[in-house]
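Trainee: Take a look at the following structure, please.
Number of protein chains: 2
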Amino acid sequence: MSTPILRRNTLQRQVILEELRRLHSHPTAPELYRIVRTRLPRISLGTVYRNLELLGQIGLVRRLELGGGETRFDGDPSQHDHVRCIRCAEVTDIRQPPGLRVEPAFGTLSGYRILGHRLEYYGICPDCQQREDRRGDGS
Amino acid sequence: MSTPILRRNTLQRQVILEELRRLHSHPTAPELYRIVRTRLPRISLGTVYRNLELLGQIGLVRRLELGGGETRFDGDPSQHDHVRCIRCAEVTDIRQPPGLRVEPAFGTLSGYRILGHRLEYYGICPDCQQREDRRGDGS
DNA sequence: GTGTATGCAAAGCCTTTGCAGCATG
DNA sequence: CATGCTGCAAAGGCTTTGCATACAC
Numbered sequence: 581m582s583t584p585i586l587r588r589n590t591l592q593r594q595v596i597l598e599e600l601r602r603l604h605s606h607p608t609a610p611e612l613y614r615i616v617r618t619r620l621p622r623i624s625l626g627t628v629y630r631n632l633e634l635l636g637q638i639g640l641v642r643r644l645e646l647g648g649g650e651t652r653f654d655g656d657p658s659q660h661d662h663v664r665c666i667r668c669a670e671v672t673d674i675r676q677p678p679g680l681r682v683e684p685a686f687g688t689l690s691g692y693r694i695l696g697h698r699l700e701y702y703g704i705c706p707d708c709q710q711r712e713d714r715r716g717d718g719s
Numbered sequence: 581m582s583t584p585i586l587r588r589n590t591l592q593r594q595v596i597l598e599e600l601r602r603l604h605s606h607p608t609a610p611e612l613y614r615i616v617r618t619r620l621p622r623i624s625l626g627t628v629y630r631n632l633e634l635l636g637q638i639g640l641v642r643r644l645e646l647g648g649g650e651t652r653f654d655g656d657p658s659q660h661d662h663v664r665c666i667r668c669a670e671v672t673d674i675r676q677p678p679g680l681r682v683e684p685a686f687g688t689l690s691g692y693r694i695l696g697h698r699l700e701y702y703g704i705c706p707d708c709q710q711r712e713d714r715r716g717d718g719s
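Top line first, the protein sequences correspond to chains A and B. Heads up, the first sequence is in our numbering, so the first residue is 581 and it goes up one at a time. Heads up, the second sequence is in our numbering, so the first residue is 581 and it goes up one at a time.
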């Protein structure tokens with residue numbers, strides 16, 4: 581119940597959170613590791629994982645378990661959904677969910693006690709659309 | 581455009597599809613491998629992966645990229661959603677989506693050309709609810 | 001017989017974890 | 001100074017892939 585507290589405010593933790601917040605690319609842990617390492621060359625991948633885990637528990641970071649078999653991280657923990665490009669795998673935030681009612685009255689569903697949902701759209705991002713239009717499609 | 585054809589109807593392929601259809605547990609490839617191996621002791625994990633990939637392309641099998649960083653497979657390729665138990669990680673089909681409108685008019689969304697969506701609920705399954713009620717909650 | 005599919009094994013990722021030393025509060 | 005955190009490295013799991021062989025057609 582009691583919210584876990586950030587025990588120590590290490591430089592590594594600060595930088596990880598800073599970079600994750602600045603990025604809007606929803607990186608995986610290894611991706612974020614490569615970026616953070618430009619500022620902290622001696623940081624380890626394990627530290628990145630441990631901090632993302634901890635920041636996720638606190639609620640400062642959101643763990644995204646979307647498609648692709650990877651776990652991505654989002655520096656914006658507020659409620660929002662995502663679109664993923666099936667061509668370039670880019671993941672983009674959707675700011676205003678277009679007035680849909682996904683949650684089934686928070687009751688039961690097959691006997692489950694429903695606590696929430698995860699919604700992900702997929703499609704083709706603007707860049708990839710251009711790229712394909714330019715080539716006249718054709719697969 | 582033309583649907584890829586099942587080139588050869590090998591015993592391995594048959595058994596993989598059979599077992600996946602019988603199971604309602606949405607197994608990962610390694611899990612399915614362990615099961616199939618009871619019938620075909622000499623089958624290899626690589627074969628399981630290759631067949632799941634192929635069966636997925638044909639549309640006989642559905643690839644589920646839900647949470648948990650694993651890829652799971654569903655022997656029922658029809659359109660339906662899933663609930664995942666946050667306690668025991670079980671994944672269950674939802675047969676009748678409760679009349680919701682998820683797709684945003686199939687137009688653009690942040691410039692994306694939307695092709696579809698993936699919706700996953702999470703909550704607590706009946707068994708885990710019982711287990712927790714019995715213990716009077718606590719943690 | 002031809003060419004696809006298989007079994008085997010290696011390799012590449014992602015992720016977690018044990019441990020000794022460091023540094024935060 | 002106590003101990004949470006870090007860096008390092010090993011280990012485990014999932015997934016893909018190259019190759020020679022086997023087998024479906």
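We put the CB at the ideal spot given by N, CA and C, even for glycine.
At the 8 Å Cβ level, is residue 690 of chain A part of the contact set with chain B, yes or no?
Mentor: At least one beta carbon of chain B lies nearer than 8 Å to the beta carbon of residue 690 of chain A.
Trainee: Given this structure, state the Cα-to-Cα distance separating residue 653 of chain A from residue 617 of chain A, to the nearest angstrom.
Mentor: 17 Å
Trainee: Just the Cα atoms here: how many angstroms apart are residue 606 of chain B and residue 671 of chain B?
Mentor: Straight-line Cα distance between these residues: approximately 7 Å.
Trainee: Taking all protein chains shown into account, do 16 or more other C-beta atoms lie within 10 angstroms of the C-beta of residue 696 of chain B, making it buried, or fewer, making it exposed?
Mentor: With fewer than 16 Cβ atoms within 10 Å of its Cβ, residue 696 of chain B is classed as exposed.
Trainee: Skipping 5 residues on each side, what residues in its chain have a beta carbon closer than 8 Å to that of residue 587 of chain A?
Mentor: none
Trainee: Which residue wins for smallest C-alpha separation from residue 637 of chain B, given the options B/655, B/674, B/712 and B/662?
Mentor: B/655
Trainee: Is it true that the CB of residue 613 of chain A sits closer than 8 Å to the CB of residue 595 of chain A?
Mentor: no
Trainee: In chain order, what residues of the same chain lie with their CB nearer than 6 Å to the CB of residue 685 of chain A, ignoring the 5 residues before and after it?
Mentor: Note that residue 685 of chain A scores a pLDDT of 48, beneath 50, so its modelled location is shaky; the value from the coordinates is reported in the next line. For residue 685 of chain A, where only same-chain residues beyond five positions count, there are no Cβ hits under 6 Å.
Trainee: Once DSSP output is grouped into helix, strand and coil, what is the label at residue 635 of chain A?
Mentor: Helix.
Trainee: Less than 8 Å between CB atoms is the rule here; does residue 703 of chain A satisfy it with respect to chain B?
Mentor: yes
Trainee: Who are the Cβ neighbours of residue 625 of chain A in its own chain at under 8 Å, not counting the five residues just before and after it?
Mentor: 609, 610 and 613
Trainee: Looking at the structure shown, is residue 650 of chain B part of a helix, part of a strand, or coil, going by DSSP?
Mentor: coil
Trainee: Take residue 641 of chain A and list the residues in its own chain whose beta-carbon comes closer than 8 Å to its own, dropping the five residues that flank it on each side.
Mentor: 597, 600, 632, 635, 653, 654, 655 and 657
Trainee: Among the candidates A/650, A/706 and A/590, whose CA atom is the shortest distance from the CA of residue 623 of chain A?
Mentor: A/590
Trainee: When burial is assigned at 16 or more other CB atoms within 10 Å of the CB, is residue 668 of chain B buried or exposed?
Mentor: exposed
Trainee: Among A/604, A/660, A/662 and A/690, whose alpha-carbon lies nearest the alpha-carbon of residue 674 of chain B?
Mentor: The shortest Cα separation from residue 674 of chain B among A/604, A/660, A/662 and A/690 belongs to A/690.
Trainee: Quick one: residues in its chain with C-beta nearer than 8 Å to the C-beta of residue 603 of chain B, no 5 flanking neighbours on either side, listed in chain order?
Mentor: 612, 615 and 655
Trainee: So, with DSSP's three-state summary, where would you put residue 707 of chain B?
Mentor: helix
Trainee: Measure from the C-beta of residue 659 of chain A to each C-beta in chain B and report whether the shortest distance is under 8 Å.
Mentor: By this cut-off, residue 659 of chain A is not an interface position.
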